[in-house]
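Asker: Each residue of the sequence shown is one higher than the one before, starting from 2 at the first, in this note's numbering. All residues carry an ideal CB built from backbone N, CA and C; glycine is no exception. This structure is in structure tokens; I'll ask about it shortly.
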Amino acid sequence: MPNGATTKRKDAQVTLVEVSPRDGLPAVCDGLSTAEKIRYINKLSETGLRKIECASFTHPRLLPEGYDAERLIAGIAKKPEVTYVGLVPNEIGCRRAVITQIDEILILLAASDTFNMLNLGRSLKESLHKALPSILETAAQNRRSVRVYVMTAFGCPYMGRIRPEEVAQLVLKLAYMGVSEIALVDSTGMANPKTVRETIGAVAEQSLDIKLAVHFHNTRGAAIANCMAAYEAGVRIFDTSLGGMSATPYGASELDLGYWNVPTEDLVQLFEEMGIRTGIDLEGLLECVRMAEKMAGRALPGHILRARPASQIFEIPQYLKRRPILD
Ligand code: MG
2 MPNGATTKRK
12 DAQVTLVEVS
22 PRDGLPAVCD
32 GLSTAEKIRY
42 INKLSETGLR
52 KIECASFTHP
62 RLLPEGYDAE
72 RLIAGIAKKP
82 EVTYVGLVPN
92 EIGCRRAVIT
102 QIDEILILLA
112 ASDTFNMLNL
122 GRSLKESLHK
132 ALPSILETAA
142 QNRRSVRVYV
152 MTAFGCPYMG
162 RIRPEEVAQL
172 VLKLAYMGVS
182 EIALVDSTGM
192 ANPKTVRETI
202 GAVAEQSLDI
212 KLAVHFHNTR
222 GAAIANCMAA
232 YEAGVRIFDT
242 SLGGMSATPY
252 GASELDLGYW
262 NVPTEDLVQL
272 FEEMGIRTGI
282 DLEGLLECVR
292 MAEKMAGRAL
302 PGHILRARPA
312 SQIFEIPQYL
322 KRRPILD
């Protein structure tokens with residue numbers, strides 16, 4: 002890692018969780034080899050990022066691109082300061098994950114019962130009372146922490162707005178069950194800064210001993226504004242994806258693949274310009290964006306690779322230096 006990133010990391014004020022290796026890269030880049038995925042994750046680990054979502058232990062019949070999760074995790078040059086996260090759909094997936102060197106287990110559920118049923122094939126109650134306890138037990142026995150995505154935390158495309166109190170109640174249950182980190186996910190980009198403040202406020206009122214993260218989607222262009230609202234409401238953990246890479250957002254299948262996560266480099270640049278330290282080496286991150294664009298075979302929607310950081314001073318081009326001809 003560049004020395005700058007090591008020094009900067011110590012006094013980081015926010016944590017960015019990089020989700021692209023699992024939530025984006027395999028969808029955006031067709032036919033990636035395991036070695037290419039490993040090289041990408043190793044390069045990301047050099048930038049000062051402290052948490053990386055790497056793989057999914059979903060059955061390959063349901064998720065063919067996740068066929069190599071075990072080999073992928075075995076191939077990573079793990080860094081002790083980085084937490085490597087693996088998604089599991091059920092207890093069997095969790096049992097697969099804990100025999101690898103993955104540090105943290107990720108589970109999905111939705112605040113909207115309808116969305117939970119449509120996307121996970123079970124009711125929210127079943128998720129909470131059947132799927133989760135066995136995953137949590139397996140993770141605890143193998144000394145792995147558990148992170149949960151609460152999808153549709155800011156709205157469900159089929160049921161509408163989710164009340165902040167409902168989200169707060171769900172977070173309370175998950176905290177009591179032993180989950181260590183919860184990410185409130187705006188699955189189809191329905192949040193706005195007002196609903197973000199209200200929902201985070203309702204969760205914060207409970208003063209739980211839990212790490213709270215946000216995961217916004219840019220479906221309607223409001224993701225960065227929502228990150229700022231969440232920061233002002235006290236959130237310090239943000240899920241982002243290099244270049245904005247994503248799969249198609251749940252429940253919005255008419256939208257294009259690959260464009261809906263918050264680009265990591267955009268949020269790093271914004272925080273740093275505001276004097277909020279991320280501990281991440283932006284130039285190293287931009288190198289990773291170049292690598293991802295090469296693998297994807299196209300430009301990705303993040304802004305900073307091409308716009309450059311706002312504080313960068315440009316040389317005045319020759320044509321502007323010429324004396325204007327007034328007559
Ligand atoms: Mg996402």
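1. Count the other C-beta atoms from every protein chain shown that fall within 10 angstroms of the C-beta of Met275, then say buried if there are 16 or more, exposed otherwise.
2. Using only alpha-carbon positions, find the residue among Leu171, Gly222, Arg96 that is nearest to Leu88.
3. Going by C-alpha to C-alpha distance, which of Met229, Val15, Thr196 sits closest to Lys52?
4. At a cut-off of 8 Å, is Asn120 close to the ligand MG when judged by its beta-carbon and the heavy atoms of the ligand?
5. Between which two residues does the beta strand (DSSP E) harbouring Gly87 extend?
6. Using the beta-carbon count (16 or more within 10 Å), is Asp282 buried or exposed?
7. By the three-class DSSP mapping on this structure, what secondary structure does Arg96 have?
8. Using 10 angstroms around the beta-carbon of Gln207, count the other beta-carbons present and answer buried if the total reaches 16, otherwise exposed.
9. Take Ile314 and list the residues in its own chain whose beta-carbon comes closer than 7 Å to its own, dropping the five residues that flank it on each side.
10. So if DSSP puts Asp240 in a beta bridge, which residue, or which two residues, is it bridged to?
11. Nearest-angstrom Cα distance between Gly259 and Ser312?
12. Can Ile338 and Val269 be called in contact, C-beta distance under 9 Å?
13. Determine the direct distance from the alpha carbon of Ile305 to that of Gly32, and round the result to whole angstroms.
14. Just the Cα atoms here: how many angstroms apart are Ser135 and Leu271?
15. Comparing the CB of Ser57 with every heavy atom of the ligand MG, is any distance shorter than 8 Å?
16. How far does the alpha helix (DSSP H) with Arg164 in it extend, from its first residue to its last?
17. Let me know if His218 comes out buried or exposed under the rule of 16 or more other beta-carbons within 10 Å of its beta-carbon.
18. Report the residue from Pro310, Arg164, Leu50, Ala308 whose alpha carbon sits nearest the alpha carbon of Val83.
19. When every heavy atom of the ligand ATP is checked, does at least one fall within less than 8 Å of the C-beta of Ser181?
20. Spatial neighbours of Lys174 within its chain, please: CB distance less than 7 Å, with the 5 preceding and 5 following residues excluded, ordered by chain position.
21. Within the stretch 246 to 308, note down every full alpha helix (DSSP H) run reaching 4 residues or more, in order along the chain.
22. Per the DSSP calculation, Ser146 is bridged to which residue(s)?
Answerer: Let's see:
1. The residue given as residue 275 occupies position 274 in the sequence shown. Exposed, since its Cβ has fewer than 16 Cβ neighbours within 10 Å.
2. Locating residue 88 in the sequence shown gives position 87, counting from the first residue. Considering only alpha carbons, the answer is Arg96.
3. By 1-based counting over the sequence shown, the position of residue 52 is 51. Minimum Cα distance to Lys52 is reached at Val15.
4. In the sequence shown, counting from the first residue as 1, residue 120 sits at position 119. No.
5. Here residue 87 refers to the residue found at position 86 of the sequence shown. Looking at the DSSP string, the run of the beta strand (DSSP E) that includes Gly87 is 84 to 88.
6. The count along the sequence shown starts at 1 and reaches residue 282 at position 281. Looking at its Cβ environment, which holds 16 or more other Cβ atoms inside 10 Å, Asp282 is buried.
7. For the purposes of this step, residue 96 is identified with residue 95 of the sequence shown, where counting begins at 1. Three-state DSSP puts Arg96 in a helix.
8. The residue labelled residue 207 in the question sits at position 206 within the sequence shown. Burial call: exposed.
9. For the purposes of this step, residue 314 is taken as the residue at position 313 of the sequence shown. Its chain contains no residue whose beta carbon lies nearer than 7 Å to that of Ile314 once the 5 sequence neighbours on both sides are disregarded.
10. Walking along the sequence shown from the start, residue 240 turns up at place 239. For Asp240, which the question treats as bridged, DSSP gives the partners Val18.
11. Position 258 of the sequence shown, counted from the first residue, corresponds to residue 259. Position 311 of the sequence shown, counted from the first residue, corresponds to residue 312. Taking the straight line joining both Cα atoms gives about 28 Å.
12. With the chain represented from 2 up to 328, any question about residue 338 goes unanswered, as that position is not in the structure.
13. As a position in the sequence shown, residue 32 is number 31, starting the count at 1. As a position in the sequence shown, residue 305 is number 304, starting the count at 1. Distance between the alpha carbons of Gly32 and Ile305 is about 27 Å.
14. By 1-based counting over the sequence shown, the position of residue 135 is 134. By 1-based counting over the sequence shown, the position of residue 271 is 270. Roughly 40 Å between the two C-alpha positions.
15. Residue mapping note: residue 57 aligns to position 56 of the sequence shown, counting from 1. Checking the Cβ of Ser57 against the ligand MG gives no.
16. Here residue 164 is taken as the residue at index 163 of the sequence shown, counted from 1. No alpha helix (DSSP H) holds Arg164; DSSP gives it neither H nor E.
17. Residue numbering aside, residue 218 sits at position 217 when the sequence shown is read from its first letter. It is buried - the Cβ of His218 has at least 16 other Cβ atoms within 10 Å.
18. For the purposes of this step, residue 83 is taken as the residue at position 82 of the sequence shown. The option with the nearest alpha carbon to Val83 is Leu50.
19. The ligand content of the structure shown is limited to the ligand MG, which means the ligand ATP is not among them.
20. What you label residue 174 is simply residue 173 of the sequence shown in a count that begins at 1. Hits under 7 Å: Leu129.
21. 265 to 274, 283 to 297, 305 to 308
22. For the purposes of this step, residue 146 is identified with residue 145 of the sequence shown, where counting begins at 1. Paired residues: Glu105.
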